[in-house]
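Let me begin by presenting the structure, written as structure tokens, before commenting on it.
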Amino acid sequence: MTALPRLALVAATAFSLMAGTALSQDTFNIWWFEGADSAQGITWTEALEELKAAHPDVTVNFEQKTFDQMQQSGSMILNSAEAPDILEYNKGNATAGLVSSQGLLTNLDEAFTAEGWDKFLNEGQLVLSRYNELGVYGSGSIWGISTYGEYVSAYYNIDAFEKAGVNVPTTLEELPAAFDTFKAQGVVPLALGGASTGGQHLLASLAYTKADDTWIQNYQGLKEPLDGAPYLYAAQTLTDWLAKGYITKDSTGMNDDDAALQFTSGQSPVYVSGTWNLGNFSANIKDFKWGQFVIPTPKFSVGSTGNLWVIPKGSKNPALAKEFISLLLSTKYQTEQANNGGVSFGADAAQVTNPVGANASAVFKQIADKQGLGFYPDWPVPGFYDVLNQKDTGLLQGTLTPEQFVEEIKEVYDDAQMSQ
Amino acid sequence: MAVDSVSVGRHRRGYYLYLIPGFIGLLLIVIGPQIANFVLSFTAWKGVGTPRWIGGQNYQRLLTDDQFWGSMHNTLWYMLSMTAIPVLIGLVLASLLFDYVRDQFGEKLSSFFRAAFYLPQILPLTVAGVLWGWILNPVGVANAILKMVGLGAFAQNWLGDATYALPAVSLVIVWIQVGYCLVVFMAGLSRIDPSLYEAAQLDGAGWWQRLLSITIPMLAPEIFVVVLTTLIHALKVFAPVFVLTQGGPDDATLAPSYLTYYHFFATQRVGYAAAVSTVQMILTLGLAAIFIWYQTRQAAREA
Chain A
-8 MTALPRLALV AATAFSLMAG TALSQDTFNI WWFEGADSAQ GITWTEALEE
42 LKAAHPDVTV NFEQKTFDQM QQSGSMILNS AEAPDILEYN KGNATAGLVS
92 SQGLLTNLDE AFTAEGWDKF LNEGQLVLSR YNELGVYGSG SIWGISTYGE
142 YVSAYYNIDA FEKAGVNVPT TLEELPAAFD TFKAQGVVPL ALGGASTGGQ
192 HLLASLAYTK ADDTWIQNYQ GLKEPLDGAP YLYAAQTLTD WLAKGYITKD
242 STGMNDDDAA LQFTSGQSPV YVSGTWNLGN FSANIKDFKW GQFVIPTPKF
292 SVGSTGNLWV IPKGSKNPAL AKEFISLLLS TKYQTEQANN GGVSFGADAA
342 QVTNPVGANA SAVFKQIADK QGLGFYPDWP VPGFYDVLNQ KDTGLLQGTL
392 TPEQFVEEIK EVYDDAQMSQ
Chain B
-18 MAVDSVSVGR HRRGYYLYLI PGFIGLLLIV IGPQIANFVL SFTAWKGVGT
32 PRWIGGQNYQ RLLTDDQFWG SMHNTLWYML SMTAIPVLIG LVLASLLFDY
82 VRDQFGEKLS SFFRAAFYLP QILPLTVAGV LWGWILNPVG VANAILKMVG
132 LGAFAQNWLG DATYALPAVS LVIVWIQVGY CLVVFMAGLS RIDPSLYEAA
182 QLDGAGWWQR LLSITIPMLA PEIFVVVLTT LIHALKVFAP VFVLTQGGPD
232 DATLAPSYLT YYHFFATQRV GYAAAVSTVQ MILTLGLAAI FIWYQTRQAA
282 REA
């Protein structure tokens, strides 16, 4: 026997031994896709350590996924034998709704009261946990649990605002006025990643300022053909801002990371995006003070409860999965999450020392308490995310007029509305 | 005699056994999915659950789908950047490296250039895509250099403006493809009898004359293979579009494969995605058939 085959034999034996031990022990497979340095990522890692310590006999396998991975192939993974015991899954009709209606998830109705989750979550925080038999959110059984909130707001450079003598806008009229002051000083005030989500979040934030309850319910519930008026207003405003130089035309060639960099490097004093930036900004902005304000709106903002913890139908360890959810909902980890700069529902305010997390949790509560979570604009129609991105760039580069923009998104929306 | 032919026949039959594993692989990996794809193109299916038979509706929808026709139109561009331009550049470069650089500067430098031009083929496309994204970004390297040398007026929003996005993506594709053409052509060149060049040189033929009347005709088989394979690639171009623009801005760089991907994963119209890819497959097969028929005819004529 020469050296190489012998080595191979040793390796093969070692592998089969390892496989043998792995099989004979209890394993717990868990996936999530929040970044390792995000408030959720940090908190969940800590909670998972506690879970490991409490169950030393269980081998815990964690896999880091990405949002896109789950968005695109999550349903297929859940439909296979490869599904883990618990995972973070994208909320919304096209994702969690679809797989729950296909019977791929464990029903959590019973666990909700049995595990005492009802003490931490109110009905408003369950809107996106419930899906009916068609997979439409808002009613039906509980299929997933969210342990944090998200919303889109304007991040602003406090130092730059003070230097320019601009106050935080409290009305929709004050917003362009603030931009104008910066523009007059030769600064492009608004950083925008037109090639990715930034464009559609800004657009929806503006559209939602003209939305009432009926519009939001119809829009998100795919109940009627699209009433394009709020979007027309948003598109016109965006074109107007573009013409006045509040946003650069180059934004179509920039993605969210590029735009965030314009903000963190101090080049643009305002950046409209979601709370998922909090970790990045806390860690990387050293040269100036920054804060956030909600785009002035009568009621609705872009935001929602966070992604869901779901337990696949084939989970081999549902008890441990539920225990993990309980841990994340507990005051201890909710407070921890806020201290890591995250948006918590159930933090002990007295124990939160991180101003970023304290503020974000408070803003979220403010929006949620007035029932102002308008959700994300891409939810009602599968694939609308890409449609909005594409049409957004058309609007921003001037190949689509605001009217054409509304017409084109309405066409896709109405098509989905009719054929549902 | 009779005994002999029987034994030959038995031998032949024995060989067929060895084809079985390969055939099973072909069936599982190529033919099976093709048939499944074709069948799915007549259904409405969300990727999970049971597909619903809807007949030719997906194909009917294709006829009036602007995105589909836009992507087909863009494919013409991609044929230019995948095939036409790289083949031309590859021919000139290969012949330059082979009979000029190698003769004047030696084998080593020529090999170095060959490897350097081939590098984009080896580089993972996601990495190349990120790098090109930085270069072509509005505040990226390309514009910075233009401004530095006083050509700031030519700075563009390369990937974000519909006018420039398709040419910009095409440029990246050319950069990727040239290496492939070059390497195949250089291999072909070493097959050509050097005496042809020597004779031509004695007769006073210049470099261009030698390229046109010796290199290109003698390289015909290689050119043929390269054109065929790159055309097929052009019809199914996906990765550069995916990493650079996601088909944007406003669908300006959309390719049929990206449209398939989009409907499969984003809109969950799996049946419709299958219809797009079926059309794509028919076009590819048709193109390949024409080419192979033409090549066989040429070969027969030469023989």
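Taken in sequence, the protein lines are chains A and B.
Each residue of the first sequence is one higher than the last, beginning at -8 in this note's numbering.
Each residue of the second sequence is one higher than the last, beginning at -18 in this note's numbering.
Heads up, the beta-carbon is just placed ideally off N, CA and C, and yes, glycines get one too.
None of the values given here were measured: they were computed from a predicted structure.
Straight-line spacing of the CA atoms in A:ASP248 and A:SER317 works out to 34 Å. Partner residues in the beta bridge of A:TRP300, as assigned by DSSP, are A:GLU79, A:ILE136.
Scanning chain B for C-beta atoms nearer than 8 Å to the C-beta of A:GLN381 yields GLY228, GLY229, PRO230, ASP231, ASP232, reported in chain order. In this chain, the beta strand (DSSP E) harbouring A:GLU54 covers 49 to 55.
Straight-line spacing of the CA atoms in A:THR18 and A:HIS46 works out to 10 Å.
Residues of chain B whose Cβ lies closer than 8 Å to the Cβ of A:LYS401 do not exist; the shortest such Cβ separation is about 15 Å.
What A:LEU217 touches in chain B, judged by beta-carbon distance under 9 Å, is nothing: the nearest beta carbon there is about 17 Å away.
Rounded to the nearest whole angstrom, the C-alpha separation of A:PHE336 and A:GLY140 is 7 Å. Relative to the Cα of B:PRO67, the nearest Cα in the group B:TYR(-1), B:ILE154, B:SER52 belongs to B:ILE154. The Cβ neighbour count for B:VAL130, taken over all protein chains shown within 10 Å, is under 16; the residue is labelled exposed. Here A:GLY282 carries a strand assignment [DSSP, helix/strand/coil].
Below the 7 Å Cβ cutoff, chain A contributes ASP241, GLY244, MET245 as neighbours of B:PRO119, in chain order.
Contacts with chain B (Cβ-Cβ distance below 9 Å) from the segment 346 to 376 of chain A involve VAL372, PRO373, GLY374, PHE375, TYR376, listed in chain order.
Interface annotation, B:THR64: not in contact with chain A, CB-CB separation never under 8 Å. For the segment 127 to 143 of chain B, the set of residues with a beta-carbon nearer than 7 Å to any beta-carbon of chain A comprises ASN138, TRP139, LEU140, GLY141, ASP142, ALA143, in chain order. Taking B:ASP232 as the centre and dropping the five residues before and after it, the same chain places the C-beta of GLN48, GLY51 closer than 7 Å to its C-beta, in chain order.
At a cut-off of 8 Å between beta-carbon atoms, B:ALA97 makes no contact with chain A. Close partners of B:ALA201 in chain A (Cβ separation under 7 Å) are lacking, with about 42 Å as the shortest Cβ gap. Taking a C-beta cut-off of 9 Å against chain B, the contacting residues of the segment 60 to 87 of chain A are GLN62, GLN63, SER64, SER66, MET67, LEU69, ASN70, ALA85, listed in chain order.
Secondary-structure assignment with DSSP links A:THR200 through no beta bridge to anything. DSSP, reduced to helix, strand and coil, places A:PHE19 within a strand of the structure shown. The beta carbon of A:THR86 sits closer than 8 Å to those of MET61, GLN62, GLY65, SER66, TYR80, all from its chain and outside the five residues before and after it, given in chain order. Rounded to the nearest whole angstrom, the C-alpha separation of A:ALA151 and A:ALA145 is 14 Å. With the rule of 3 Cβ pairs closer than 8 Å, the segment 163 to 173 of chain A does not count as touching the segment 294 to 306 of chain A.
The CB of A:ALA186 comes closer than 9 Å to the CB of LEU140, GLY141, THR226, GLN227, GLY229, PRO230 in chain B, given here in chain order. Residue contact with chain A for B:VAL29: present (Cβ-Cβ distance below 8 Å to some residue of chain A). In this structure, the beta-carbon distance from A:LYS382 to A:LEU391 falls below 8 Å. Here the C-alpha atom of B:TYR239 lies approximately 10 Å from the C-alpha atom of B:PHE246.
Where A:GLY265 is concerned, the enclosing beta strand (DSSP E) starts and stops at 261 to 265. Here the C-alpha atom of A:GLN253 lies approximately 6 Å from the C-alpha atom of A:ALA182.
Taking a C-beta distance under 8 Å as the contact criterion, A:ASP48 and B:ASN138 do not qualify as a contact pair. A:SER66 carries a helical assignment under DSSP once its states are collapsed to helix, strand and coil. Taking C-alpha positions only, B:VAL251 is separated from A:ASN380 by approximately 21 Å.
Per the DSSP secondary-structure output, A:TYR147 pairs in a beta bridge with A:VAL261, A:GLY282.
In the DSSP annotation of this structure, the continuous segment of the alpha helix (DSSP H) that includes B:TYR99 starts and ends at 88 to 103. In the DSSP assignment, B:SER76 is bridged to no other residue.
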